[in-house]
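Heads up: the protein sequence lines correspond to chains A and B, in order. Numbered according to the working numbering, the first sequence terminates at residue 126, and the numbering increases by one at each position without gaps. Numbered according to the working numbering, the second sequence terminates at residue 126, and the numbering increases by one at each position without gaps. Down below is the structure, laid out as structure tokens.
Number of protein chains: 2
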Amino acid sequence: MPWDLKPDRPIYTQLVEHIEWMILSGVYPPGAKLPSVRDLAREASVNPNTMQRALAQLEEDGLIITHRTSGRSITEDSEMIQKARIRIAREQVSEFLEKMKKLGFDKKEILSIINNMIEEVGK
Amino acid sequence: MPWDLKPDRPIYTQLVEHIEWMILSGVYPPGAKLPSVRDLAREASVNPNTMQRALAQLEEDGLIITHRTSGRSITEDSEMIQKARIRIAREQVSEFLEKMKKLGFDKKEILSIINNMIEEVGK
DNA sequence: ATTATTGTATTAAGCGCTTAATACAATAAT
DNA sequence: ATTATTGTATTAAGCGCTTAATACAATAAT
Numbered sequence: 004m005p006w007d008l009k010p011d012r013p014i015y016t017q018l019v020e021h022i023e024w025m026i027l028s029g030v031y032p033p034g035a036k037l038p039s040v041r042d043l044a045r046e047a048s049v050n051p052n053t054m055q056r057a058l059a060q061l062e063e064d065g066l067i068i069t070h071r072t073s074g075r076s077i078t079e080d081s082e083m084i085q086k087a088r089i090r091i092a093r094e095q096v097s098e099f100l101e102k103m104k105k106l107g108f109d110k111k112e113i114l115s116i117i118n119n120m121i122e123e124v125g126k
Numbered sequence: 004m005p006w007d008l009k010p011d012r013p014i015y016t017q018l019v020e021h022i023e024w025m026i027l028s029g030v031y032p033p034g035a036k037l038p039s040v041r042d043l044a045r046e047a048s049v050n051p052n053t054m055q056r057a058l059a060q061l062e063e064d065g066l067i068i069t070h071r072t073s074g075r076s077i078t079e080d081s082e083m084i085q086k087a088r089i090r091i092a093r094e095q096v097s098e099f100l101e102k103m104k105k106l107g108f109d110k111k112e113i114l115s116i117i118n119n120m121i122e123e124v125g126k
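Quick look at the structure:
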């Protein structure tokens, strides 16, 4: 899974999002141990300080827990993870509809375009 | 129409997008005259240099034309505008579906969530 | 006991973005 | 003819982000 970082936004926010969806999609299940800051940084080809910053953010959001000397792990609270997944999905939908509305597409057109393009998505 | 600039991404890219949708949605129709750099900058509460940068970008994209001493105007090429509108819409849909896929939603769920939220959009 | 691995902190440097202050040439407006 | 308005260019400063280098305390691993 490539990290695919772009220079158009702060890297640490992109790291947050990337790790976020790894948690929300189950790559790291509740309670799982995360690689160390240094390993994650190496994996993402990023400075450890930058990764540290991303992890601090995720901790603030309650998705991960720090164990000072034995690394970090995903929260055990699977309900919180589920809620975060729904919340973020709704945000995505909301932002998307807003943009399409700005471009002048109405409900019907939006659904039409999606149906034309959705085949690439699994299931 | 508020410009609604956020500090999480470069301002000039947000200016580009904002002016872009004003063109694509017809606020500025083909051939229309744009306000001066200084006026646009004042309107967006931004430094003229920053606005200048955004306009240079839009010119590079072919959406606007500079007349050196009499300001700028929107391209007369309405076909290009139409194509840009479709292209950008498809990009938005593509990015959106990609994100939802990453969050673990399948086709059915995506359509379901959209149908639940789409009422806020006009028509 | 010793060593390696945690997270954490600090300092300095470089970079792009943004603002502010100015200035200039070309030309539209008067 | 004069004035105002275009876009454009330059310089300096401040800011956040990122990297690099380094160090430290706590503790897990050996």
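We treat Cβ as the ideally placed atom computed from N, Cα and C, and that holds for glycine. It should be emphasised that the depicted structure is a prediction, and the values quoted were computed from it without experimental measurement.
Take residue i and list the residues in its own chain whose beta-carbon comes closer than 6 Å to its own, dropping the five residues that flank it on each side.
| i | result |
| --- | --- |
| B:A47 | W6 |
| B:K126 | With a pLDDT of 45 at B:K126, under the threshold of 50, the predicted position of this residue should be treated as unreliable, though the coordinate-derived value follows. Once the five neighbours on either side are set aside, B:K126 has no close Cβ partner at all. |
| A:L43 | M54 |
| A:L11 | Note on identity: in this sequence residue 11 of chain A is Asp, with Leu being the wrong assignment. Excluding sequence neighbours, A:D11 sits near nothing in its chain. |
Determine the burial state of residue i: buried for a count of at least 16 other Cβ atoms within 10 Å of its Cβ, exposed for fewer.
| i | result |
| --- | --- |
| A:Q85 | exposed |
| A:E23 | buried |
| B:T72 | exposed |
| A:V49 | buried |
| B:K111 | exposed |
| B:V30 | exposed |
| A:N119 | exposed |
| A:K9 | exposed |
What residues in its chain sit with their C-beta under 7 Å from that of residue i, if we drop five residues either side in the sequence?
| i | result |
| --- | --- |
| B:V40 | P51, M54, Q55, L58 |
| B:T69 | E62, R75 |
| A:I14 | L8, V49, T53 |
Can you list the residues of chain A that residue i reaches, using a CB-CB cut of under 7 Å?
| i | result |
| --- | --- |
| B:W24 | K105, L106 |
Residue i touches chain B at which residues, Cβ-Cβ below 8 Å?
| i | result |
| --- | --- |
| A:D11 | R12, P13, T16 |
| A:I67 | Per Cβ cutoff of 8 Å: no residues; A:I67 is ~18 Å from chain B at best. |
| A:A92 | M103, L106, F108, I116 |
Using 8 Å for Cβ pairs, my map puts residue i next to residue j. What's the rounded Cβ distance?
| i | j | result |
| --- | --- | --- |
| A:S76 | A:I67 | 7 Å |
| A:L100 | B:S28 | Rounded, the Cβ-Cβ distance is 15 Å, inconsistent with contact. |
| B:A35 | A:I116 | Rounded, the Cβ-Cβ distance is 27 Å, inconsistent with contact. |
| A:L18 | A:G74 | 17 Å between Cβ atoms; not a contact. |
| A:K102 | B:Q95 | 5 Å |
Check the Cβ of residue i against every Cβ in chain A and list those closer than 8 Å, keeping chain order.
| i | result |
| --- | --- |
| B:S28 | K105, L106, G107 |
| B:D84 | Per the sequence presented here, residue 84 of chain B reads as Ile, with Asp not at that position. In chain order: nothing, as chain A lies at least about 11 Å away. |
| B:R88 | L106, G107 |
Going along chain B, which residues have a C-beta under 9 Å from residue i?
| i | result |
| --- | --- |
| A:R41 | Per Cβ cutoff of 9 Å: no residues; A:R41 is ~25 Å from chain B at best. |
Tell me which same chain residues have a C-beta within less than 8 Å of the C-beta of residue i, skipping the five on either side of it?
| i | result |
| --- | --- |
| B:K65 | Note that residue 65 of chain B corresponds to Gly in the displayed sequence, not to Lys. Correct list, in chain order: T78, D80, M83. |
For residue i, return the contacting residues in chain A, with the cut-off set at a CB-CB distance below 9 Å.
| i | result |
| --- | --- |
| B:R56 | Under the 9 Å cutoff, chain A gives no residues; its nearest Cβ is about 14 Å from B:R56. |
Length at least 4, wholly inside the segment 22–57 of chain A: the alpha helix (DSSP H) runs in chain order:
DSSP runs (the alpha helix (DSSP H)) wholly in the segment 22–57 of chain A: 40–47.
Start-end ranges of the alpha helix (DSSP H) lying completely within the segment 53–123 of chain A, minimum 4 residues
With a minimum length of 4 residues, the unbroken runs of alpha helix (DSSP H) contained wholly in the segment 53–123 of chain A fall at 81–105, 110–120.
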